[in-house]
Amino acid sequence: MKVLVVGQGGREHALAWKIQQSPLVDRVFVAPGNPGTAAIGENVDIAATDLEGLVNFAVDQSIDLTVVGPEAPLCDGIVDLFRERGRLCLGPDKAAAEIEGSKRFARELCEKHRIPGPSFWSFENPATARSFLENRPDGPIVVKASGLAAGKGVVVCKDNEEAREAVSHCLEQVQGGAGDNTLVLEEFLEGPEVSLITLTDGETIVPLEPARDHKPVGEGDTGPNTGGMGVITPVSLMSRVSQQMETQIVFPTVHAMNREKRRFRGFLYAGLMLTQQGPRVIEFNCRLGDPETQPLLLRLKSDIFPLLMAAAQDKLDTVEAPVWDSRVAVCVVACSGGYPGSYKKGVPIFGLDRIETGPDLQVFHAGTRLAGSDLVTDGGRVFAVTALGADIQAARQRAYDALAKVEFEGMHYRKDIGVAQAASRA
Ligand code: AMP
Ligand code: GLY
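This is how it looks when you write it as structure tokens:
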């Protein structure tokens, strides 16, 4: 079988790494990929946003299955295009991808189908949003741009004053985007967060293991939000809470999408907050999380390919459930100086080859590039180390020992991935 992975981040490197281990797979292509994916598969110089280029490649090369990493091509209709051209592509079609592409759509879906989430208010016009803020009692509130904004369209505000500023900021983030200039204001919820990613063909639902991302750039969850600075999986949850996440949120969402005639196929990512009143939806994504995918795939013991293929063929009921390594995985992301603000690219990276990788430790590339034979930075999140351990301490130790071998000017990473979780277990 020939598989094409679309994207170029750590998530796609991890996917290619795992897919390439399948005895059913002969060749793995990654478009456009990164230096990490080049070492395990074949990079193809086609951008993830060049849908025509991708489908032509899949047809010419008789690709058996295409797996899409990022949200932008899904929201632009890559799956619809592949379907028209008779090629299998795993992911939601354009209508179903709106669950991520429009936060307003996601909120209205939850409200209509009684899927628990925060109260929310949508505004087409910033002036109306500001006047709403003048007239509500002061207090924390969350301001979101409805359209895609690469994780930067959300501001958690401590009061109405901050929220008024955030309204302008959020609109800037989506300008030039898909044309959805709606603002969504949300009730501020509190509690620990969990990412629950599910593979589904719209009928059969296969939840992956729960994971915890660390979104803010600074230790102790301080500073602005990023795409994700590190992850720990599994997350220890009471079985009542795990059940609620599935029966009150994931199952009803898959069914709600069917009732809306937007059958969801692919990876449905529910970002949840575990409030005192039970789990609540913070956001949906129409794809695998990054970096969540990296530690999840290191823990996946069984072959991923049959699951991916079956989901794309609406036959997920015919394959064995995934088998997980019971150990803990910790993933830590190393970033460019200045990220999530502006940062330099092209900075030489030293020492990555000093890390010994194996079944218990992997390095997945994200924003890296080869300049001649030198590896240099090429993005905000540069690479991540993922390590398995018998417990959180052991996994952390292994991951941070490896990271200490690498340096580049401006490199920073959070030193506390998994610390809060380790403390809560004690
Ligand atoms: P999102 O991009 O929607 O996942 O939001 C980014 C982060 O903002 C989340 O991981 C939460 O920490 C925070 N957040 C989003 N919505 C809310 C909410 N309604 N209440 C509290 N925090 C939120
Ligand atoms: N790590 C968060 C995301 O993939 O959206």
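The numbering of the sequence shown is the numbering used here, which starts it at 778 and goes up by one. The beta-carbon is built from N, C-alpha and C at its ideal position, and this holds for glycine as well.
Cβ separation of residue i and residue j, assumed to be a contact under 8 Å, to the nearest whole Å
{"i": "Ser899", "j": "Val961", "result": "5 Å"}
{"i": "Pro1125", "j": "Val1153", "result": "5 Å"}
{"i": "Gly995", "j": "Pro1068", "result": "Contact flag wrong, Cβ pair sits at about 17 Å."}
{"i": "Leu867", "j": "Leu842", "result": "7 Å"}
{"i": "Leu1049", "j": "Pro1056", "result": "5 Å"}
{"i": "Val856", "j": "Pro847", "result": "Actually they are not in contact, since the Cβ atoms of Val856 and Pro847 sit about 13 Å apart, beyond 8 Å."}
{"i": "Gly813", "j": "Phe1141", "result": "6 Å"}
{"i": "Gly1118", "j": "Thr1052", "result": "No, Gly1118 and Thr1052 are not in contact; Cβ-Cβ is about 31 Å, not under 8 Å."}
Identity of the residues DSSP links to residue i by a beta bridge
{"i": "His1189", "result": "Cys1112"}
{"i": "Asn1002", "result": "Pro993"}
{"i": "Pro984", "result": "Thr975"}
{"i": "Thr1010", "result": "Ala1106"}
{"i": "Thr1095", "result": "DSSP lists no partner for Thr1095."}
{"i": "Trp898", "result": "Leu962"}
{"i": "Glu885", "result": "BP columns for Glu885 are empty, so no partner."}
{"i": "Lys1182", "result": "Its beta-bridge partners do not exist; DSSP assigns none."}
{"i": "Cys934", "result": "Ile918"}
{"i": "Phe806", "result": "Leu781, Glu819"}
{"i": "Leu867", "result": "Val844"}
{"i": "Arg1158", "result": "Cys1112"}
{"i": "Leu1165", "result": "Ala1106"}
{"i": "Trp794", "result": "None, per the DSSP bridge assignment."}
{"i": "Glu970", "result": "Met1050"}
Which listed residue (the options) has its alpha carbon closest to that of residue i
{"i": "Arg788", "options": "Ser879, Gly1144, Ile1169, Leu973", "result": "Gly1144"}
{"i": "Asn1062", "options": "Val780, Ala1047, Thr1052", "result": "Ala1047"}
{"i": "Ile1081", "options": "Glu1023, Ala793, Gly786, Ala1164", "result": "Ala793"}
{"i": "Gly1114", "options": "Tyr1190, Glu888, Gly979", "result": "Tyr1190"}
{"i": "Ser1201", "options": "Met1015, Leu1073, Lys992", "result": "Met1015"}
{"i": "His1032", "options": "Leu828, Cys887, Gly1187, Asp822", "result": "Cys887"}
{"i": "Arg1104", "options": "Ala815, Glu996, Leu1165", "result": "Leu1165"}
{"i": "Asp853", "options": "Val1012, Thr826, Gly1195, Val919", "result": "Thr826"}
{"i": "Arg1076", "options": "Asn902, Thr1163, Thr975", "result": "Thr1163"}
{"i": "Arg1036", "options": "Asn833, Val983, Ala872, Leu1147", "result": "Ala872"}
{"i": "Ser839", "options": "Ala940, Val856, Phe806", "result": "Phe806"}
{"i": "Ala906", "options": "Gly846, Glu986, Asp857, Glu963", "result": "Glu963"}
{"i": "Ile982", "options": "Ala1199, Asp1091, Ile1169", "result": "Asp1091"}
{"i": "Ala1089", "options": "Arg1040, Ile1194, Asn1002", "result": "Arg1040"}
{"i": "Pro1011", "options": "Ile1059, Asp1102, Glu967", "result": "Asp1102"}
{"i": "Ile796", "options": "Cys947, Asp822, Val780, Pro809", "result": "Val780"}
{"i": "Ala1003", "options": "Phe834, Ala1197, Val1159", "result": "In the sequence on display, residue 1003 carries Thr and not Ala. Cα-wise, what sits closest to Thr1003 is Val1159."}
{"i": "Gln785", "options": "Pro1072, Gln798, Ala824", "result": "Ala824"}
{"i": "Gly1157", "options": "Gly1123, Ala1172, Tyr1177", "result": "Gly1123"}
{"i": "Val1027", "options": "Gly930, Ser945, Ile1009, Ile1059", "result": "Ile1059"}
{"i": "Gly1005", "options": "Val845, Lys889, Ala1111, Lys1078", "result": "Ala1111"}
{"i": "Met778", "options": "Pro1083, Thr1134, Arg1146, Leu910", "result": "Pro1083"}
Residue i classed as buried or exposed, judged by whether at least 16 other C-beta atoms fall within 10 angstroms
{"i": "Phe965", "result": "exposed"}
{"i": "Asp990", "result": "buried"}
{"i": "Lys935", "result": "exposed"}
{"i": "Asn811", "result": "buried"}
{"i": "Arg862", "result": "exposed"}
{"i": "Ala1179", "result": "buried"}
{"i": "Pro1136", "result": "exposed"}
{"i": "Val783", "result": "buried"}
{"i": "Pro1099", "result": "buried"}
{"i": "Lys880", "result": "buried"}
{"i": "Glu1186", "result": "exposed"}
{"i": "Lys921", "result": "buried"}
{"i": "Ala1203", "result": "Confidence at Ala1203 is low in this model, with a pLDDT of 41, below 50, so the placement of that residue is unreliable and no value is reported for it."}
{"i": "Ala791", "result": "buried"}
{"i": "Ala1167", "result": "exposed"}
{"i": "Ala816", "result": "exposed"}
{"i": "Lys1192", "result": "exposed"}
{"i": "Thr1024", "result": "exposed"}
{"i": "Val836", "result": "exposed"}
{"i": "Pro1070", "result": "Strictly speaking, residue 1070 in this sequence is Thr, with Pro absent from that position. That one is buried."}
{"i": "Pro895", "result": "buried"}
{"i": "Ser1150", "result": "exposed"}
{"i": "Asp1130", "result": "exposed"}
{"i": "Leu1093", "result": "buried"}
{"i": "Gln1139", "result": "buried"}
{"i": "Ala1176", "result": "buried"}
{"i": "Val1183", "result": "buried"}
{"i": "Glu986", "result": "buried"}
{"i": "Gln1020", "result": "exposed"}
{"i": "Thr1030", "result": "buried"}
(request) Just list the beta strand (DSSP E) runs in the stretch 1115 to 1156, keeping only unbroken ones of 3 residues or longer that don't cross its boundaries, in chain order. (result) Within the stretch 1115 to 1156, the complete beta strand (DSSP E) runs of at least 3 residues are 1138 to 1142, 1145 to 1148, 1151 to 1154.
(request) Would you list, in sequence order, the uninterrupted alpha helix (DSSP H) runs of no fewer than 4 residues that lie entirely inside the stretch 1040 to 1091? (result) Every alpha helix (DSSP H) of 4 residues or more that sits fully in the stretch 1040 to 1091 is shown, in chain order, as 1070 to 1076, 1082 to 1089.
(request) List in chain order: all unbroken alpha helix (DSSP H) runs of 4+ residues lying wholly within the stretch 808 to 864. (result) Runs of the alpha helix (DSSP H) lying entirely within the stretch 808 to 864, each at least 4 residues long, are 812 to 815, 828 to 837, 848 to 852, 855 to 861 in chain order.
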